[in-house]
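**Student:**
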Amino acid sequence: MNLAEQLEQDEKYEEAYAEYKKQMAQKPADVELLTKLGHLALILEKKEDAKIYYAKILEIDPPNILAHEQLIDIFMHEDRFKYYLLRGNLRALQQQMSHAKSDFKKAIDHAKDPQEALPARYLYAGLCEGQGRLNEAIDEYLRISDYDEKNPVVFLKLAELYEKTEGLVAAIQTLERGRKDRGFKDFEEILAGYYIRNSQPEKAYELAQSELTKARALFDMGRNDAGYEILMGVKDKYSKEKIFHSLLAQYYFQKDMFEEAFKEIDEYEKIDSKSPLIYQMRALIYEKQGDAFNEHINWGKYNVMRGEKDVALNEYLTAYRFNDKDVDLIETIAALLEAEGDKTKASEFYERLADVDPKNRLALEKIAEFRESIGDNYGAIEYMERLKEIDPRNQFLQDNYEKIKSGAENGTGFLQFLKKIFGNKMSV
Numbered sequence: 001m002n003l004a005e006q007l008e009q010d011e012k013y014e015e016a017y018a019e020y021k022k023q024m025a026q027k028p029a030d031v032e033l034l035t036k037l038g039h040l041a042l043i044l045e046k047k048e049d050a051k052i053y054y055a056k057i058l059e060i061d062p063p064n065i066l067a068h069e070q071l072i073d074i075f076m077h078e079d080r081f082k083y084y085l086l087r088g089n090l091r092a093l094q095q096q097m098s099h100a101k102s103d104f105k106k107a108i109d110h111a112k113d114p115q116e117a118l119p120a121r122y123l124y125a126g127l128c129e130g131q132g133r134l135n136e137a138i139d140e141y142l143r144i145s146d147y148d149e150k151n152p153v154v155f156l157k158l159a160e161l162y163e164k165t166e167g168l169v170a171a172i173q174t175l176e177r178g179r180k181d182r183g184f185k186d187f188e189e190i191l192a193g194y195y196i197r198n199s200q201p202e203k204a205y206e207l208a209q210s211e212l213t214k215a216r217a218l219f220d221m222g223r224n225d226a227g228y229e230i231l232m233g234v235k236d237k238y239s240k241e242k243i244f245h246s247l248l249a250q251y252y253f254q255k256d257m258f259e260e261a262f263k264e265i266d267e268y269e270k271i272d273s274k275s276p277l278i279y280q281m282r283a284l285i286y287e288k289q290g291d292a293f294n295e296h297i298n299w300g301k302y303n304v305m306r307g308e309k310d311v312a313l314n315e316y317l318t319a320y321r322f323n324d325k326d327v328d329l330i331e332t333i334a335a336l337l338e339a340e341g342d343k344t345k346a347s348e349f350y351e352r353l354a355d356v357d358p359k360n361r362l363a364l365e366k367i368a369e370f371r372e373s374i375g376d377n378y379g380a381i382e383y384m385e386r387l388k389e390i391d392p393r394n395q396f397l398q399d400n401y402e403k404i405k406s407g408a409e410n411g412t413g414f415l416q417f418l419k420k421i422f423g424n425k426m427s428v
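Residue numbers (my numbering): 1 to 428.
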């Protein structure tokens with residue numbers, strides 16, 4: 001126990017407070033120390049000091065519940081704006097979003113002027129957006145823009161929200177207003193990206209500040225060689241950025257130089273192996289080459305990466321129509337079906353996998369497991385015997401072989417198996 005703690009324990013609060021303040025010089029960002037100082041400041045009725053310490057805690061640790069609670073108590077009777085703002089923050093931290101919104105509204109109402117109300121308006125707009133109430137968020141950001149006109153963030157948020165609610169054109173109009181009316185020059189590069197997405201590469205090229213954006217715009221205008229020339233000029237500068245390689249892949253794709261395009265996609269993958277764009281680019285190349293099997297394989301991977309597993313499964317099943325003997329594909333389809341809970345259909349594909357690859361351990365284990373689950377112990381043993389030949393130490397075998405074999409020999413499970421086949425038509 002250090003001197004300050006001993007003094008505090010002895011209720012010598014003034015002396016303890018002074019000692020803790022000395023420690024602040026060495027540990028200005030220590031939340032525990034700031035908490036002790038805030039606590040002692042309240043005991044000693046040094047309310048202004050307490051405000052400073054608890055506010056400092058929130059700078060260092062914004063979700064700190066205790067600091068919120070203490071400041072709420074301090075401001076309850078002296079500043080209703082800060083009281084409701086802090087209470088709204090606390091309720092948002094506690095996931096009480098409707099109460100938080102109500103408090104932020106009250107904070108806005110209690111602000112002494114529109115400028116003071118801005119933090120509450122930003123928080124209110126953010127909560128609306130988080131709840132999917134996008135039009136309400138737009139209305140609030142529009143109010144903010146009347147009083148925080150020099151803040152480009154307002155226009156960026158409005159553009160983002162307008163894109164979701166009204167489309168790219170509305171987003172572009174908002175950013176153009178910020179660029180022309182408010183002088184936000186930094187919007188030029190952002191607008192160039194929006195114009196590219198809105199199939200207006202000429203406008204994008206006019207505004208683009210980045211060489212990569214200029215190259216992308218030129219490609220979209222059909223001026224492939226001009227775009228390529230720009231890329232070669234900045235190769236040393238951007239060769240470690242994935243967008244550089246995706247643009248080169250686009251160039252080679254448009255030139256039907258597929259081998260070179262694949263190499264650039266490989267370089268892209270080295271930088272960002274988890275991007276769905278890798279498989280989208282490969283799928284487009286295979287489509288152009290007329291390779292339907294690999295096209296749909298890559299669309300499947302693309303949709304898996306995006307979390308669209310139903311769409312991915314359809315793509316894989318389409319690929320299966322072009323090649324029903326690909327081991328990796330069959331295994332992928334079976335796994336997706338199993339993940340969806342369709343164990344019967346999954347078992348059919350595991351059986352197909354076992355036909356194509358008779359020594360596939362996973363397939364044999366999955367089929368045996370499924371057969372046993374429906375009471376078909378005879379069928380389970382058949383596949384377990386095959387598994388035993390190639391993998392006698394298999395854990396599934398060790399855990400289940402004797403039990404299932406005994407059940408098959410004694411007829412256990414056979415009645416359940418027949419019931420699954422014939423349902424209520426079978427009487428006992």
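All C-beta atoms, glycine included, are put in the ideal place defined by N, C-alpha and C.
(1) Let me check understanding here. Comparing Cα to Cα, which of ILE196, LEU175, ASP181 and TYR195 lies closest to PHE187?
(2) Where does LEU142 land, buried or exposed, given buried means 16+ other C-beta within 10 angstroms?
(3) For my contact list, THR213 and ALA204 are in at a C-beta cut-off of 8 Å; report their separation, rounded to the angstrom.
(4) Report yes if the CB atom of TYR279 is closer than 8 Å to the CB atom of ASN298, and no otherwise.
(5) Rounded to whole angstroms, what is the Cα-Cα separation between ILE285 and PRO358?
(6) For a test of the three-state rule: what should DSSP assign to LYS301, helix, strand or coil?
(7) Hey, how far is the Cα of TYR83 from the Cα of LYS237?
(8) Apply the 10 Å Cβ neighbour rule to SER273 and answer buried if 16 or more other Cβ atoms are within range, or exposed otherwise.
(9) For the alpha helix (DSSP H) containing ARG179, list its first residue and its last residue.
(10) At the level of alpha carbons, what is the spacing between LEU71 and MET221?
(11) Taking one C-beta from the segment 98 to 116 and one from the segment 61 to 78 each time, how about it: are there three or more such pairs within less than 8 Å?
(12) If we ignore side chains and look at the alpha-carbon of each, how far apart do HIS39 and ALA50 end up?
(13) Taking the alpha helix (DSSP H) that GLY126 falls in, what are its first and last residues?
(14) Excluding the 5 residues preceding and the 5 following ALA129 in the sequence, name in chain order all residues of the same chain whose CB lies nearer than 6 Å to its CB.
(15) Give me the Cβ distance between TYR124 and ILE108, rounded to the nearest whole Å; I'm assuming they're in contact under 8 Å.
(16) Alpha carbon to alpha carbon, how far is ARG133 from TYR252? Give it in angstroms, no decimals.
(17) Please classify GLY227: does DSSP put it in a helix, a strand, or coil?
(18) Assuming ALA354 and ILE367 make a contact with CB atoms under 8 Å, what is their CB distance in whole Å?
(19) Roughly how many angstroms separate the alpha carbons of GLU308 and GLU269, rounded to a whole number?
(20) For a quick check, are the C-beta atoms of HIS296 and GLU315 less than 8 Å apart?
(21) Let's test the definition: count the other Cβ atoms within 10 Å of the Cβ of ILE144 and tell me whether it reaches 16, buried, or not, exposed.
(22) Is the distance from the Cβ of LEU387 to the Cβ of LEU364 below 8 Å?
(23) Let me check understanding here. Comparing Cα to Cα, which of GLU45, LEU34 and ASN89 lies closest to ILE60?
(24) Should ASN89 go down as buried or exposed, given a rule of 16 or more other Cβ atoms within 10 Å for buried?
(25) For ALA159, which three-state DSSP category applies?
(26) Can you list, in chain order, the residues of its chain whose CB lies under 6 Å from that of ASN198, leaving out five sequence neighbours each side?
(27) Between LYS106 and PHE81, what straight-line distance do the alpha-carbon atoms span, to the nearest angstrom?
(28) Could you compute how far the alpha carbon of SER210 sits from the alpha carbon of THR318?
(29) Would GLN289 pass as a contact of PHE262 if the rule is Cβ separation under 8 Å?
(30) Would you check if the distance between the CB atom of ALA92 and the CB atom of LEU127 is smaller than 8 Å?
(31) Which of the three DSSP states, helix, strand or coil, is assigned to LEU3?
(32) Cβ of PHE396 versus every heavy atom of the ligand HEM: is any distance shorter than 7 Å?
(33) Roughly how many angstroms separate the alpha carbons of GLU202 and GLU189, rounded to a whole number?
(34) From ILE196 to LYS301, what distance separates their C-alpha atoms?
(35) Locate the alpha helix (DSSP H) running through ASN377, then write down its first and last residues.
(36) Answer with buried or exposed for SER373, where buried requires no fewer than 16 other C-beta atoms within 10 angstroms of its C-beta.
**Tutor:** Let me spell this out:
(1) The count along the sequence shown starts at 1 and reaches residue 187 at position 187. Distance check between PHE187 and each of ILE196, LEU175, ASP181 and TYR195 places LEU175 closest, using alpha-carbon atoms only.
(2) What you label residue 142 is simply residue 142 of the sequence shown in a count that begins at 1. Exposed, by the Cβ-count rule.
(3) Stepping through the sequence shown from its first residue, residue 213 is reached at position 213. Stepping through the sequence shown from its first residue, residue 204 is reached at position 204. That belief holds up - the Cβ atoms of THR213 and ALA204 are roughly 7 Å apart, short of 8 Å.
(4) As a first step, residue 279 is located in the sequence shown; it is residue number 279 there, counting from the start. As a first step, residue 298 is located in the sequence shown; it is residue number 298 there, counting from the start. Yes, they are a contact pair.
(5) By one-based count along the sequence shown, residue 285 stands at place 285. By one-based count along the sequence shown, residue 358 stands at place 358. A direct Cα-Cα distance of roughly 34 Å separates ILE285 from PRO358.
(6) Along the sequence shown, one-based indexing puts residue 301 at 301. The three-state secondary structure of LYS301, taken from DSSP, is helix.
(7) As a position in the sequence shown, residue 83 is number 83, starting the count at 1. As a position in the sequence shown, residue 237 is number 237, starting the count at 1. Each residue's alpha carbon lies about 51 Å from the other.
(8) Position 273 of the sequence shown, counted from the first residue, corresponds to residue 273. Result: exposed.
(9) The residue you call residue 179 lines up with position 179 of the sequence shown. First-last of the alpha helix (DSSP H) with ARG179: 168 to 181.
(10) In the sequence shown, the residue the question calls residue 71 occupies position 71. In the sequence shown, the residue the question calls residue 221 occupies position 221. Rounded to the nearest angstrom, the two C-alpha atoms are 58 Å apart.
(11) No, the segment 98 to 116 is not in contact with the segment 61 to 78.
(12) Here residue 39 is taken as the residue at index 39 of the sequence shown, counted from 1. Here residue 50 is taken as the residue at index 50 of the sequence shown, counted from 1. Whole-angstrom Cα-Cα distance: 7 Å.
(13) As a position in the sequence shown, residue 126 is number 126, starting the count at 1. Here the alpha helix (DSSP H) through GLY126 covers 114 to 130.
(14) Residue 129 sits at position 129 when you count from the first residue of the sequence shown. It should be pointed out that residue 129 corresponds to Glu in this sequence rather than to Ala. Answer for GLU129: ALA137, listed in chain order.
(15) Position 124 of the sequence shown holds residue 124. Position 108 of the sequence shown holds residue 108. By a beta-carbon distance limit of 8 Å, TYR124 contacts ILE108. Their separation comes to about 7 Å.
(16) Sequence index remark: in the sequence shown, residue 252 carries index 252 (1-based). Sequence index remark: in the sequence shown, residue 133 carries index 133 (1-based). When rounded, the separation of the alpha-carbon atoms in TYR252 and ARG133 is 43 Å.
(17) Residue numbering aside, residue 227 sits at position 227 when the sequence shown is read from its first letter. Reduced to three states, the DSSP call for GLY227 is helix.
(18) Counted from its first residue, the sequence shown places residue 354 at position 354. Counted from its first residue, the sequence shown places residue 367 at position 367. At roughly 6 Å, the Cβ-Cβ gap stays under 8 Å, so ALA354 and ILE367 are in contact.
(19) To locate residue 308, count along the sequence shown from 1; it is residue 308. To locate residue 269, count along the sequence shown from 1; it is residue 269. Each residue's alpha carbon lies about 21 Å from the other.
(20) Numbered from its first residue, the sequence shown carries residue 296 at position 296. Numbered from its first residue, the sequence shown carries residue 315 at position 315. For HIS296 and GLU315, yes; Cβs fall inside 8 Å.
(21) Indexing the sequence shown from 1 puts residue 144 at position 144. Classification of ILE144: buried, given that the 10 Å Cβ count is 16 or more.
(22) In the sequence shown, counting from the first residue as 1, residue 387 sits at position 387. In the sequence shown, counting from the first residue as 1, residue 364 sits at position 364. Annotated as proximal: LEU387 and LEU364, with beta-carbon spacing under 8 Å.
(23) Locating residue 60 in the sequence shown gives position 60, counting from the first residue. Relative to ILE60, the option among GLU45, LEU34 and ASN89 whose CA is nearest is LEU34.
(24) By 1-based counting over the sequence shown, the position of residue 89 is 89. With 16 or more other Cβ atoms within 10 Å, it is buried.
(25) In the sequence shown, the residue the question calls residue 159 occupies position 159. Correct three-state label for ALA159: helix.
(26) Working through the sequence shown from its first residue, we reach residue 198 at position 198. Once the five neighbours on either side are set aside, the close Cβ partners of ASN198 are LEU168.
(27) For this step, residue 106 is matched to residue 106 along the sequence shown. For this step, residue 81 is matched to residue 81 along the sequence shown. LYS106 and PHE81: Cα-Cα distance of roughly 8 Å.
(28) Start at 1 with the first residue of the sequence shown, and residue 210 comes out as number 210. Start at 1 with the first residue of the sequence shown, and residue 318 comes out as number 318. Between the alpha carbons of SER210 and THR318 lies a gap of roughly 40 Å.
(29) Translated into the one-based positions of the sequence shown, residue 289 becomes position 289. Translated into the one-based positions of the sequence shown, residue 262 becomes position 262. With a cutoff of 8 Å on beta-carbon distance, GLN289 and PHE262 are scored as not near each other.
(30) The residue labelled residue 92 in the question sits at position 92 within the sequence shown. The residue labelled residue 127 in the question sits at position 127 within the sequence shown. Cβ atoms of ALA92 and LEU127: closer than 8 Å.
(31) Along the sequence shown, read from residue 1 onward, the residue named residue 3 stands at position 3. The answer is helix: DSSP assigns LEU3 an H, G or I state.
(32) The model depicted lacks the ligand HEM and carries no ligand whatsoever.
(33) Against the sequence shown, residue 202 aligns to sequence position 202. Against the sequence shown, residue 189 aligns to sequence position 189. Spanning the two alpha carbons is a distance of roughly 13 Å.
(34) Your numbering for residue 196 matches position 196 in the sequence shown. Your numbering for residue 301 matches position 301 in the sequence shown. Distance between ILE196 and LYS301, taken at the CA atoms: about 26 Å.
(35) Position 377 of the sequence shown holds residue 377. If you look at ASN377, you'll find it in the alpha helix (DSSP H) that goes 377 to 390.
(36) Mapped onto the sequence shown, residue 373 falls at position 373. The residue is exposed, with fewer than 16 neighbouring Cβ atoms inside 10 Å.
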